[in-house]
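J.: Numbering (the working numbering), first residue to last: 2 to 332.
Ideal Cβ positions, reconstructed from N, Cα and C, are used throughout, including at glycine.
Since the structure is predicted, the reported quantities are computational estimates derived from the model, not experimental observations.
Please read through the structure below; I'll follow up with questions.
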DNA sequence: AAGTCGTGGGC
DNA sequence: TGCCCAAGACT
């Protein structure tokens, strides 16, 4: 992994922090290209702090959980103001976007603080090693106790960075969510979950609620010069600060055909292009995409040429809409 | 403290 | 195919 320091090398706090923010609820494979892009475009925390927020949101577009990007930028500016990353857990924890996990991860990996960062991997490993059968999230205190006990081992305390990353690697490659490779696990003999034959079913989790469906209508409006109408979403909340095709607020009830004209950004000969579906964390979104071409666009928002839409901070669902619109022959 | 907040890959 | 999930934070 590109953010991991080689043996003997000192970890760079900026790179450790950047990678840890990106890795929150996000797979390594998804993060790597974004991490490389950010290092190229923003080689230092000062460079990131000096960037426009639009540039940061654009670079983050597609990675999801966009509050991370907003907090990333705010954190870079705070660190630049401070002069350097804090080298204490409390100092790190006070920065925007850095919670208990990330403070511990940066503390251990970049500053050698003897602490065990508790992520999903560690929750799983610890739940199994100590055979914690209580379901998450209720079992978090017990997991924290177990993790701290593991971290109290002298060899762990001597190498906090290696110990933390070893736990990540153990969880990612051996102590996996399904079909754990207990036979080759270095902790097989010490694992209470293994001894009780319940390792693979741990950690238990409280069941999640079903995802409701929400319905949206978005409009692909092109002018005579081949420019598309876009707008920026409000800075906070869902997809905050990201760019989208115009349309009414998503709702539970499907949109009726006779409602569409009233919601359009301007009067035009609207044509139904099709449906885009996209799964989000707490609901499934179904977007009806409508398109029209007019001479001059008079509506709220801003205009961009079709061939530079890639440079905008469009979230994935909006890129799906763009892709659908471009499939259609220009009307 | 339970809900909110994205995405793409794996099974 | 539908569900689960992945180095969580914030409110």
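1. Once you ignore the five residues that flank residue 194 on each side, which residues in its own chain have a CB closer than 6 angstroms to its CB?
2. By a C-beta neighbour count over all protein chains shown, 10 Å radius and 16 as the cutoff for buried, is residue 319 buried or exposed?
3. Can you tell me which of 218, 114 and 281 puts its alpha carbon nearest to the alpha carbon of residue 333?
4. In three-state DSSP terms, what is residue 307?
5. Have a look at residue 18 and residue 216 and give me their C-alpha separation to the nearest angstrom.
6. By DSSP, does residue 332 sit in helix, in strand, or in coil?
7. How many angstroms separate the CA atom of residue 2 from the CA atom of residue 127?
8. Tell me whether residue 146 sits in a helix, a strand or coil according to DSSP, three-state version.
9. What would DSSP say about residue 234, mapped onto helix, strand or coil?
10. Please identify the residue among 273, 134, 265 and 248 whose C-alpha is closest to the C-alpha of residue 206.
11. Please give me, in chain order, every unbroken run of the alpha helix (DSSP H) with length at least 4 that falls completely inside the segment 215-278.
12. To test your reading of the DSSP string, which unbroken alpha helix (DSSP H) runs of 4 or more residues are found completely within the segment 21-70?
13. Using 8 angstroms for Cβ pairs, my map puts residue 297 next to residue 224. What's the rounded Cβ distance?
14. If distances are taken between C-alpha atoms only, which option among 180, 91 and 119 comes closest to residue 167?
15. Just to confirm the assignment, what range does the alpha helix (DSSP H) spanning residue 125 have?
16. Please classify residue 323 as buried or exposed, where buried requires at least 16 neighbouring CB atoms within 10 angstroms.
17. Rounded to whole angstroms, what's the CA-CA distance from residue 151 to residue 158? Just pull it up for me.
18. Tell me the residue span of the beta strand (DSSP E) that contains residue 294.
19. Which residues does DSSP pair with residue 209 in a beta bridge?
20. Which stretch, first to last residue, makes up the alpha helix (DSSP H) that contains residue 108?
21. Using three-state DSSP, classify residue 281 as helix, strand or coil.
22. Might you give, ordered along the chain, the residues of its own chain that have their beta carbon closer than 7 angstroms to the beta carbon of residue 176, omitting 5 neighbours on each side?
23. Leaving out five residues on either side along the sequence, give the residues of the same chain with a beta carbon under 7 angstroms from the beta carbon of residue 6.
24. If we ignore side chains and look at the alpha-carbon of each, how far apart do residue 316 and residue 190 end up?
T.: Reading from the atomic positions:
1. 129, 132, 200 and 203
2. buried
3. Residue 333 lies beyond the stretch modelled for the chain, which goes from 2 to 332, so this question has no answer here.
4. helix
5. 37 angstroms
6. Because the pLDDT at residue 332 is just 45, under 50, the model does not fix this residue reliably, and the value given afterwards should be weighed accordingly. In the structure shown, residue 332 sits in coil (DSSP, three-state: anything other than H, G, I, E or B).
7. 24 angstroms
8. helix
9. coil
10. 134
11. 258-264
12. 29-42, 46-51 and 54-61
13. 6 angstroms
14. 119
15. 121-130
16. buried
17. 9 angstroms
18. 285-294
19. The partner list for residue 209 (beta bridge, DSSP) is empty, contrary to what the question assumes.
20. 101-112
21. coil
22. 125, 126, 129 and 186
23. 12
24. 47 angstroms
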